[in-house]
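Numbering (this note's numbering), first residue to last: 2 to 227.
All residues carry an ideal CB built from backbone N, CA and C; glycine is no exception.
I have placed the structure first, in the form of structure tokens, so that the comments after it can refer back to it.
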Amino acid sequence: MKKPKIIITIDGYASTGKSTQAKNIAKKLDYTYIDSGAMYRAVTLYAIRKNILNESRINTLINSLVDINIEFKKNKNVQKIYLNGEQVENEIRMSIVNSNVSKLSTIPEVRNFLLTKQRDYGKNKGLVMDGRDIGTVVFPNAECKFFFNAKQEVRAKRRHLEQRRKGNLETYHKVFENIIERDRIDTNRPFNPLKKSPDAIEIDVSDLTENEVFNKLWGHITKKIN
Ligand code: DC
Numbered sequence: 002m003k004k005p006k007i008i009i010t011i012d013g014y015a016s017t018g019k020s021t022q023a024k025n026i027a028k029k030l031d032y033t034y035i036d037s038g039a040m041y042r043a044v045t046l047y048a049i050r051k052n053i054l055n056e057s058r059i060n061t062l063i064n065s066l067v068d069i070n071i072e073f074k075k076n077k078n079v080q081k082i083y084l085n086g087e088q089v090e091n092e093i094r095m096s097i098v099n100s101n102v103s104k105l106s107t108i109p110e111v112r113n114f115l116l117t118k119q120r121d122y123g124k125n126k127g128l129v130m131d132g133r134d135i136g137t138v139v140f141p142n143a144e145c146k147f148f149f150n151a152k153q154e155v156r157a158k159r160r161h162l163e164q165r166r167k168g169n170l171e172t173y174h175k176v177f178e179n180i181i182e183r184d185r186i187d188t189n190r191p192f193n194p195l196k197k198s199p200d201a202i203e204i205d206v207s208d209l210t211e212n213e214v215f216n217k218l219w220g221h222i223t224k225k226i227n
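Structural data, given as structure tokens:
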């Protein structure tokens, strides 16, 4: 008998490895994977390019949302994000985007704009989506929800290493500061803040390897799909 498809959400703090795990789970289940953070990053990149990111141009930004087209497409089996037809996977990870994305994500109109798109991906189930409010707001009825946490130092080290590998020479201190600032904004925004859904399984990944985290997730997921 064919197994029923479900929606799996992974929320949590920045640099806890949500995307890596979500991608691996989606691959194993042959599900769609959506990185909702990449969508906020793409809107931030658009706003930076149009120079409409500052407070005084917020209405222009809101009115421009209709001109933003975000898509995910697979290139040689690797999923990339496209902003108005341009592949922007590297641009959305730049430090100028890191420093501005949390602030932009506090704007309710931006959140509602992306919410509709995010829900569309779940219409046929068979979806793994990671972010900050996926289990609480985007898919409150998802069958399987996770919430990742880890010590700030562990997350900063992880992000710093990742940035170095990409040739970005930001200091550890700057990366650490950015993570603390993003946590502060993400958890304190009035509209759909980062928080654990009461029915989400919380995992502290500080002392776990990638495989250990995967095995934990897989243990819970198989209970839901079998
Ligand atoms: O997952 P990430 O670090 O790429 O996300 C970038 C930012 O996007 C994050 O600091 C807050 C915002 N975000 C959000 O507000 N809601 C989501 N569901 C996903 C990301």
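With the rule of 3 Cβ pairs closer than 8 Å, the segment 42-53 counts as touching the segment 80-94. Comparing C-alpha distances from residue 11 to each of 134, 84, 185, 194 shows the shortest one belongs to 134. Ranked by Cα distance from residue 123, the options 105, 114, 142 are led by 142.
Our two residues, residue 24 and residue 64, have alpha carbons roughly 33 Å apart in a direct line. If the five residues before and after residue 126 are omitted, its C-beta is found closer than 7 Å to the C-beta atoms of 6, 7, 8, all from its own chain and listed in chain order. Taken from the Cβ of residue 187, at least one heavy atom of the ligand DC lies inside 6 Å. For residue 99, same chain residues with a beta-carbon under 8 Å away, outside a window of 5 residues either side, are 179, 183 in chain order. Pairwise C-beta distances place the segment 153-167 in contact with the segment 13-27, as three or more of them are shorter than 8 Å. Looking at the DSSP output, residue 86 shares a beta bridge with no other residue. For residue 205, the enclosing beta strand (DSSP E) begins and ends at 202-205. Counting the other Cβ atoms within 10 Å of the Cβ of residue 137 gives 16 or more, which makes it buried. Under the three-state reduction of DSSP output, residue 137 falls in the helix class. The C-beta separation of residue 139 from residue 26 comes to about 17 Å, leaving the pair out of contact by the 8 Å criterion. Rounded to whole angstroms, the Cβ separation of residue 144 and residue 75 is 25 Å, and the two are not in contact under 8 Å.
DSSP places residue 69 in the coil class of the three-state scheme, outside both helix and strand.
Taking residue 113 as reference, the option from 148, 189, 176, 67 with the minimal CA-CA separation is 67. CA-to-CA, the gap between residue 223 and residue 116 works out to about 28 Å.
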